[in-house]
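Taking this note's numbering, the leading residue of the sequence shown gets 303, the next gets one more, and so forth. Since the structure comes first, as structure tokens, the remarks are kept for the end.
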Amino acid sequence: MQWGQIKTIFIVSFLVLNLFLVQELLDKINASNYDTLENRSTFEEQLAEQEITYDLPERGQKEAYVSAQRYQLSEEDLDILQGLLDHQLIGLTSNGGDVVSLDDIPDQDGYQSNYEVITGEFLAPLDLDLEDDFKGSIEEIKSQVLYGDSFQYWNYYEKENVLLFFQKQSDRTFYFNDSASLIVVLNEEGDAIQYRQTFLEELEHRLEEQTVIDPINAIREVWTNTTAGLPSQSEVTLDMGYQTLVPLDDGVQVFVPTWEVIVNNEDHFFVNAMEGKYISHDGEQFVVTMKESLKREIEELKSE
303 MQWGQIKTIF IVSFLVLNLF LVQELLDKIN ASNYDTLENR STFEEQLAEQ
353 EITYDLPERG QKEAYVSAQR YQLSEEDLDI LQGLLDHQLI GLTSNGGDVV
403 SLDDIPDQDG YQSNYEVITG EFLAPLDLDL EDDFKGSIEE IKSQVLYGDS
453 FQYWNYYEKE NVLLFFQKQS DRTFYFNDSA SLIVVLNEEG DAIQYRQTFL
503 EELEHRLEEQ TVIDPINAIR EVWTNTTAGL PSQSEVTLDM GYQTLVPLDD
553 GVQVFVPTWE VIVNNEDHFF VNAMEGKYIS HDGEQFVVTM KESLKREIEE
603 LKSE
């Protein structure tokens, strides 16, 4: 085993031990203070006064810290991508490396790929009808990329004219992670012209499952930490996904279970489901960064 791998395992193990000790402390704090019946009832009364309704998952849900690293494309993946070349220009990038045209990759059995990023440009804009057939248009995009069904549509960012998708595993979404996202750039007519795609490998559990904070407490965190997050007469739902806790060497990332608090089916807020802390995010900046990477990779691909 190489020293780099040993170092990564040691760091992850040390991190997991610290996470466990922190969680033990937080469980005690939550049990004595944060989740008393009195606090819960008072907060629910506040929501009722503001006519805020909510649909809560069951209490006592168990989740675990998990880890994964960026997926490297297999020989089978490259074969699938080859089938898209009749209407796409496709480039592949390894970690920190140059963009390589898929046409230049040798077609041979046993080829070992270390490519992690797919950059694509449609030879002719992909016809979409997002206004009248949004669902059909999203499915059309998924059919034109590798393993499109493993990505969930997230949002449209008008300023950048970009559609953003997040990877899912076992019905859990990776929020705003540049190793688990698909961005699709549109033209002025609303048709798809370019995309950039990354994946994470299968998750590994780093600790035994633990009880996450109650959903009502996640709503309370949003209520406390945002000025306009919960307007009167809001409808609130919750979902569970993952946010990056810490990136490590060799591309390994540790993820924390995260409550996604959805307000009026439009605004999304995030709360660390283990520690009960509000997680801020900047979706616009994430999209800008991903689009800049895509632009740079397309330019490099075409300059070959």
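Using N, Cα and C, we set each Cβ at its ideal position, and we do this for glycine too.
Can you list the beta strand (DSSP E) stretches of 3 or more residues lying completely in the region 447-523, in chain order? Within the region 447-523, the complete beta strand (DSSP E) runs of at least 3 residues are 453-459, 464-471, 474-476, 483-488 and 494-500.
Exposed or buried, what is T355 when buried is set at 16 or more other beta-carbons lying within 10 Å of its beta-carbon? Translated into the one-based positions of the sequence shown, residue 355 becomes position 53. Label assigned to T355: exposed.
Within 10 angstroms of the Cβ of S472, are there 16 or more other Cβ atoms? Answer buried if so, exposed if not. Within the sequence shown, the letter at position 170 stands for residue 472. With fewer than 16 Cβ atoms within 10 Å of its Cβ, S472 is classed as exposed.
Using DSSP with H/G/I as helix, E/B as strand and the rest coil, what is Q390? Locating residue 390 in the sequence shown gives position 88, where the first residue counts as 1. In the structure shown, the three-state DSSP call for Q390 is strand.
Can you tell which of F478, Q499 and I495 has its C-alpha closest to the C-alpha of I485? Numbered from 1 along the sequence shown, position 183 holds the residue referred to as residue 485. Among F478, Q499 and I495, the Cα nearest to that of I485 is on Q499.
Rounded to the nearest angstrom, what separates E351 and D493 at their Cα positions? Position 49 of the sequence shown, counting from 1, holds the residue named residue 351. Position 191 of the sequence shown, counting from 1, holds the residue named residue 493. Going by the C-alpha atoms only, they are around 45 Å apart.
Starting from D617 and walking both ways along the beta strand (DSSP E), at which residues does that stretch end? With the chain represented from 303 up to 606, any question about residue 617 goes unanswered, as that position is not in the structure.
Starting from Q555, follow its DSSP beta bridges and name the residues at the other end. Within the sequence shown, residue 555 is the residue found at index 253, counting from 1. Answer is A370 and P549, bridged to Q555.
Buried or exposed for A482, going by 16 or more other Cβ atoms inside 10 Å? Mapped onto the sequence shown, residue 482 falls at position 180. Looking at its Cβ environment, which holds 16 or more other Cβ atoms inside 10 Å, A482 is buried.
Starting from the C-beta of N479, find all residues in its chain whose C-beta is less than 7 Å away, skip the five residues before and the five after it, and write them out in chain order. What you label residue 479 is simply residue 177 of the sequence shown in a count that begins at 1. Only T546 meet the Cβ criterion.
Should K444 and F436 be called a contact, given that it needs their Cβ atoms to be closer than 8 Å? Along the sequence shown, read from residue 1 onward, the residue named residue 444 stands at position 142. Along the sequence shown, read from residue 1 onward, the residue named residue 436 stands at position 134. The answer is no: Cβ separation not under 8 Å.
Could you check the C-alpha separation between L448 and A426 for me, to the nearest Å? Residue 448 sits at position 146 when you count from the first residue of the sequence shown. Residue 426 sits at position 124 when you count from the first residue of the sequence shown. Distance between the alpha carbons of L448 and A426 is about 18 Å.
Find out if the Cβ-Cβ distance for the pair Y477, Y544 is shorter than 8 Å. Residue 477 sits at position 175 when you count from the first residue of the sequence shown. Residue 544 sits at position 242 when you count from the first residue of the sequence shown. Yes. Within cutoff.
Return the residue from the list Q496, L540, L509 and Q535 that minimises the CA-CA distance to M592. For the purposes of this step, residue 592 is identified with residue 290 of the sequence shown, where counting begins at 1. Its Cα nearest to that of M592, the residue Q496 stands out among Q496, L540, L509 and Q535.
Do three or more CB pairs link the region 559-570 to the region 528-543 at distances below 8 Å? Yes, they touch.
Looking only at its chain, what residues have a beta carbon closer than 6 Å to the beta carbon of D431, apart from the 5 residues adjacent to it on each side? Translated into the one-based positions of the sequence shown, residue 431 becomes position 129. Same-chain partners within the cutoff: S439.
L596 classed as buried or exposed, judged by whether at least 16 other C-beta atoms fall within 10 angstroms: In the sequence shown, the residue the question calls residue 596 occupies position 294. Counting every other CB atom within 10 Å of its CB across the protein chains shown gives L596 a total of 16 or more, marking it as buried.
Hey, does R508 have any beta-carbon neighbour from chain D nearer than 8 Å? This model lacks chain D altogether, as it is built from one protein chain only.
If you count every other CB in all the chains shown that lies within 10 Å of the CB of N574, and 16 or more means buried, which is it? As a position in the sequence shown, residue 574 is number 272, starting the count at 1. Looking at its Cβ environment, which holds 16 or more other Cβ atoms inside 10 Å, N574 is buried.
For P359, the nearest candidate out of I521, G399 and L502 (CA to CA): The count along the sequence shown starts at 1 and reaches residue 359 at position 57. Looking from the CA of P359, the closest CA among I521, G399 and L502 belongs to I521.
Once you ignore the five residues that flank P408 on each side, which residues in its own chain have a CB closer than 7 Å to its CB? Within the sequence shown, numbered from 1, the residue matching residue 408 stands at position 106. Excluding the 5 residues flanking it on each side, P408 has no same chain C-beta neighbour closer than 7 Å.
Using the DSSP secondary-structure output, state which residues sit across from G438 in a beta bridge. The residue given as residue 438 occupies position 136 in the sequence shown. Under DSSP, G438 takes part in no beta bridge, so it has no partner.
Identify every residue that forms a DSSP beta bridge with W525. If you number the sequence shown from 1, residue 525 lands on position 223. Per DSSP, none; premise fails for W525.
Measuring straight from C-alpha to C-alpha, what distance separates L383 and L509? Working through the sequence shown from its first residue, we reach residue 383 at position 81. Working through the sequence shown from its first residue, we reach residue 509 at position 207. A direct Cα-to-Cα measurement between L383 and L509 gives close to 36 Å.
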